[in-house]
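Peer 1: Got a structure for you, written out below as structure tokens; questions coming shortly.
Residue numbers (the working numbering), protein chains in the order written: chain S, 71 to 412; chain P, 9 to 158.
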């Protein structure tokens with residue numbers, strides 16, 4: 071079967087279509103997630119001491135209206151480049167806004183989750199109608215990831231901002247590595263579905279828009295997939311960066327769902343996972359409308375333009391630019407967290 | 009006549025695809041409407057807030073000295089309540105925006121609830137249970153019981 075064009079994604083949430091990783095990279099991702107959770111648990115035990123010593127972000131002398139305007143413009147451009155780069159806007163949002171804007175990381179993560187949520191919600195109906203998102207595949211994974219994302223959000227808010235910045239830097243640099251070593255499998259071969267996926271009837275058919283072919287698909291390694299989604303949920307809640315970059319490799323390379331179904335289903339999972347994590351931030355007062363609303367609106371407007379420019383912009387160039395941006399933002403988060411570049 | 013889960017598992021591919029299409033269409037319609045309503049409320053609320061149509065709880069001029077603080081300090085300095093306490097101040101320009109945000113964060117619940125009768129009709133109890141469990145998780149998260157909002 072020939073490789074086909076990527077599906078139309080007006081909201082830019084089929085975010086990791088190009089950012090899938092190989093099997094070793096997936097294992098590294100799981101190891102990284104486990105290490106982060108361990109570190110987070112240690113920090114949570116020691117949280118109040120660190121939190122008390124936590125410093126605020128330097129304030130700005132600009133008038134109040136400058137920053138929401140700058141947010142809108144920045145998010146608009148992030149939205150434009152996110153679609154051709156094949157990465158979710160939320161993944162760029164938190165490190166860039168957290169690194170270069172005067173908002174505390176608590177509010178940036180709350181806004182980041184809403185940016186990822188709004189994009190996933192806006193794209194969801196289109197993907198479902200196009201047969202690119204599978205309810206039967208998404209729902210069991212989303213259940214576990216939604217539960218763990220609450221835990222992740224609570225951990226993230228309990229940790230000192232400096233440690234979250236350091237972990238965020240590590241995660242963002244890890245995403246860069248995933249993007250650089252990206253491999254993907256358009257139609258993975260699943261010889262035999264596992265018992266759980268058979269019992270749940272997780273299989274389907276989608277019409278590939280490019281070739282017009284009807285593709286039957288089924289999945290395997292469902293128990294391991296469920297475990298990976300537990301970890302993904304923790305990361306999504308903790309950093310507020312959305313998790314399409316991790317969802318797609320897990321669905322595509324681990325469970326064997328076709329690439330397009332993986333990308334579409336990832337968006338559906340994100341809409342549920344980010345909802346549950348967002349409630350934690352809302353309930354804790356960490357959603358500041360002045361930060362969240364211009365970001366959501368700017369990102370969605372930019373993503374619409376980005377989708378229209380898909381055929382005009384050179385995807386590989388944009389992708390390199392985004393990798394450069396992520397590298398810079400990742401190092402910035404690391405250095406900020408370590409107190410070297412505040 | 010409804011199909012059992014085993015029937016779905018063993019159903020011919022075309023029949024399985026048709027069943028999944030029905031689920032997806034219902035979910036998509038309800039999600040689409042929820043998202044649209046949420047975005048409209050969000051944008052209108054924000055316009056009223058920044059244009060000064062409705063007075064905010066925290067003044068716009070004061071914000072730059074507060075948004076760089078950790079959330080705990082922000083809440084302490086502004087007297088902003090946590091959990092659903094914001095409803096008391098819902099008439100304030102900034103707090104009103106939480107309505108749009110809450111609609112977006114909660115708009116997956118109606119589509120999930122809509123799927124439950126569909127699955128029950130097919131005797132697909134596993135998926136009816138999964139939908140109910142996700143709704144429960146979202147409601148508990150929203151209530152603040154799981155997330156410590158109260």
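Using N, Cα and C, we set each Cβ at its ideal position, and we do this for glycine too.
Bear in mind that the values here come from a model prediction, so they are computed numbers and not experimental data.
#1: Applying a beta-carbon distance threshold of less than 7 Å, which residues of chain S neighbour residue 1/P?
#2: Give the single residue among 133/P, 148/P, 132/P and 92/P whose Cα lies nearest to the Cα of residue 117/P.
#3: So for residue 284/S, helix, strand or coil by DSSP?
#4: Taking only the alpha-carbon atoms, compute the straight-line gap between residue 229/S and residue 137/P and give it to the nearest angstrom.
#5: Buried or exposed, going by whether 16 or more other CB atoms sit within 10 Å of the CB of residue 28/P?
#6: Would residue 370/S be called buried (16 or more neighbouring beta carbons within 10 Å of its own) or exposed?
#7: Helix, strand or coil, according to DSSP, for residue 274/S in the structure here?
#8: Mark residue 59/P as exposed unless 16 or more other C-beta atoms lie within 10 angstroms of its C-beta, in which case mark it buried.
#9: Under 7 Å between the Cβ atoms of residue 160/S and residue 185/S?
#10: Take every Cβ of the stretch 246-255 of chain S, pair it with every Cβ of the stretch 307-323 of chain S, and state whether three or more of those distances are shorter than 8 Å.
#11: Between the alpha carbons of residue 49/P and residue 360/S, how many angstroms are there, rounded?
#12: What residues in the stretch 213-242 of chain S bring their beta carbon closer than 9 Å to a beta carbon of chain P?
#13: Return the Cβ separation of residue 219/S and residue 347/S in integer angstroms, given the expectation that the two are a contact with Cβ distance under 8 Å.
#14: Measuring only the C-alpha atoms, how far is residue 367/S from residue 262/S?
#15: Can you tell me whether residue 102/P is helix, strand or coil according to DSSP?
#16: Could you compute how far the alpha carbon of residue 392/S sits from the alpha carbon of residue 404/S?
#17: Consult DSSP for residue 410/S and reduce its assignment to one of helix, strand or coil.
#18: To the nearest angstrom, how far is it from the Cα of residue 243/S to the Cα of residue 395/S?
#19: With three or more C-beta pairs closer than 8 Å as the rule, is the stretch 166-180 of chain S touching the stretch 294-301 of chain S?
#20: Going by the beta-carbon positions, is the gap between residue 377/S and residue 153/S smaller than 7 Å?
#21: Report all residues from its chain with a CB closer than 8 Å to the CB of residue 402/S; omit the five preceding and five following residues, and keep chain order.
#22: Contact criterion: CB-CB distance below 7 Å. Does residue 61/P meet it with respect to chain S?
#23: In chain S, which residues lie with their C-beta within 9 Å of the C-beta of residue 87/P?
#24: Skipping 5 residues on each side, what residues in its chain have a beta carbon closer than 6 Å to that of residue 109/S?
#25: Step through the CB atoms of chain P and report whether any lies within less than 7 Å of the CB of residue 176/S.
#26: Taking Cβ-Cβ distances shorter than 8 Å, what residues in chain S pair up with residue 69/P?
#27: Nearest by alpha-carbon distance to residue 206/S: which of 71/P, 127/P and 143/P is it?
#28: Label residue 258/S either buried or exposed according to how many other C-beta atoms from any shown protein chain fall within 10 Å of its C-beta, with 16 as the threshold for buried.
#29: Assign residue 198/S to one of two classes, buried (16 or more other C-beta atoms within 10 Å of its C-beta) or exposed (fewer than that).
#30: Whose C-alpha, out of 408/S, 335/S and 397/S, is nearest the C-alpha of residue 250/S?
#31: Please work out which residues of its chain come closer than 6 Å, Cβ to Cβ, to residue 181/S, disregarding the five sequence neighbours upstream and downstream, and give them in chain order.
#32: Could one say the Cβ of residue 173/S lies closer than 7 Å to chain P's Cβ atoms, at least one of them?
#33: Look up residue 350/S in the DSSP assignment and say whether it is helix, strand or coil.
#34: Just checking my contact of residue 101/P with residue 64/P at CB under 8 Å: how many whole Å lie between their CB atoms?
#35: In terms of residue numbering, what span does the alpha helix (DSSP H) encompassing residue 317/S cover?
#36: If you measure from the beta carbon of residue 308/S to each beta carbon in chain P, is any gap under 7 Å?
Peer 2: Taking the definition as stated:
#1: Residue 1/P lies beyond the stretch modelled for chain P, which goes from 9 to 158, so this question has no answer here.
#2: On the second chain, position 109 is the one that residue 117/P refers to. Nearest option by C-alpha distance: 148/P.
#3: Within the first chain, numbered from 1, the residue matching residue 284/S stands at position 214. It is a strand residue.
#4: Reading the first chain from its first residue, position 159 is the one you call residue 229/S. Reading the second chain from its first residue, position 129 is the one you call residue 137/P. Going from the Cα of residue 229/S to the Cα of residue 137/P covers about 34 Å.
#5: The residue you call residue 28/P lines up with position 20 of the second chain. Buried, since its Cβ has 16 or more Cβ neighbours within 10 Å.
#6: Residue mapping note: residue 370/S aligns to position 300 of the first chain, counting from 1. Buried, because 16 or more other Cβ atoms sit within 10 Å of the Cβ of residue 370/S.
#7: Walking along the first chain from the start, residue 274/S turns up at place 204. Reduced to three states, the DSSP call for residue 274/S is strand.
#8: Start at 1 with the first residue of the second chain, and residue 59/P comes out as number 51. Under this definition residue 59/P is an exposed residue.
#9: Sequence index remark: in the first chain, residue 160/S carries index 90 (1-based). Sequence index remark: in the first chain, residue 185/S carries index 115 (1-based). Yes, these two residues count as a Cβ contact at 7 Å.
#10: yes
#11: Position 41 of the second chain, counted from the start, is the residue given in the question as residue 49/P. Position 290 of the first chain, counted from the start, is the residue given in the question as residue 360/S. Approximately 15 Å, taken between the alpha carbons.
#12: 213, 216, 217, 219, 220, 221, 223, 224, 227, 230 and 231
#13: For the purposes of this step, residue 219/S is taken as the residue at position 149 of the first chain. For the purposes of this step, residue 347/S is taken as the residue at position 277 of the first chain. About 4 Å; that satisfies the 8 Å criterion.
#14: Within the first chain, residue 367/S is the residue found at index 297, counting from 1. Within the first chain, residue 262/S is the residue found at index 192, counting from 1. Rounded to the nearest angstrom, the two C-alpha atoms are 44 Å apart.
#15: As a working note, residue 102/P is residue 94 in the second chain. Residue 102/P falls in the helix class under three-state DSSP.
#16: Against the first chain, residue 392/S aligns to sequence position 322. Against the first chain, residue 404/S aligns to sequence position 334. Computed Cα separation, rounded: 18 Å.
#17: Position 340 of the first chain, counting from 1, holds the residue named residue 410/S. Correct three-state label for residue 410/S: coil.
#18: In the first chain, residue 243/S corresponds to position 173, counting from 1. In the first chain, residue 395/S corresponds to position 325, counting from 1. Each residue's Cα considered, the two are about 11 Å apart.
#19: no
#20: Mapped onto the first chain, residue 377/S falls at position 307. Mapped onto the first chain, residue 153/S falls at position 83. Yes, the Cβ-Cβ distance between residue 377/S and residue 153/S is below 7 Å.
#21: Looking up residue 402/S in the first chain gives position 332. Excluding residues within five positions, the ones whose Cβ falls inside 8 Å are 165, 169, 170, 239 and 411.
#22: As a working note, residue 61/P is residue 53 in the second chain. Judged by the 7 Å Cβ criterion, residue 61/P is not in contact with chain S.
#23: As a position in the second chain, residue 87/P is number 79, starting the count at 1. Chain S residues near residue 87/P: none, gap ~11 Å exceeds 9 Å.
#24: What you label residue 109/S is simply residue 39 of the first chain in a count that begins at 1. Only weak support exists for where residue 109/S lies, its pLDDT of 45 falling under 50; the coordinates are left without a value.
#25: Residue numbering aside, residue 176/S sits at position 106 when the first chain is read from its first letter. Yes, residue 176/S lies at the interface with chain P (some Cβ there is under 7 Å from its Cβ).
#26: On the second chain, residue 69/P is found 61 positions in, with the first residue counted as 1. Those within 8 Å of residue 69/P in chain S are 134.
#27: On the first chain, position 136 is the one that residue 206/S refers to. Of the candidates 71/P, 127/P and 143/P, the one whose C-alpha sits nearest the C-alpha of residue 206/S is 127/P.
#28: Working through the first chain from its first residue, we reach residue 258/S at position 188. By the neighbour-count rule (16 or more Cβ atoms within 10 Å), residue 258/S is buried.
#29: Taking the first residue of the first chain as position 1, residue 198/S is located at position 128. Residue 198/S should be labelled buried.
#30: The count along the first chain starts at 1 and reaches residue 250/S at position 180. Among 408/S, 335/S and 397/S, the Cα nearest to that of residue 250/S is on 397/S.
#31: In the first chain, residue 181/S corresponds to position 111, counting from 1. The answer, listed in chain order, is 361, 362 and 365.
#32: For this step, residue 173/S is matched to residue 103 along the first chain. True, the Cβ-Cβ gap to chain P drops below 7 Å.
#33: Against the first chain, residue 350/S aligns to sequence position 280. Residue state, collapsed to three classes: helix.
#34: As a first step, residue 101/P is located in the second chain; it is residue number 93 there, counting from the start. As a first step, residue 64/P is located in the second chain; it is residue number 56 there, counting from the start. About 4 Å separates the two Cβ atoms, so the contact holds.
#35: Residue 317/S sits at position 247 when you count from the first residue of the first chain. Unbroken alpha helix (DSSP H) run through residue 317/S: 314-319.
#36: Along the first chain, one-based indexing puts residue 308/S at 238. No, because no Cβ of chain P sits closer than 7 Å to the Cβ of residue 308/S.
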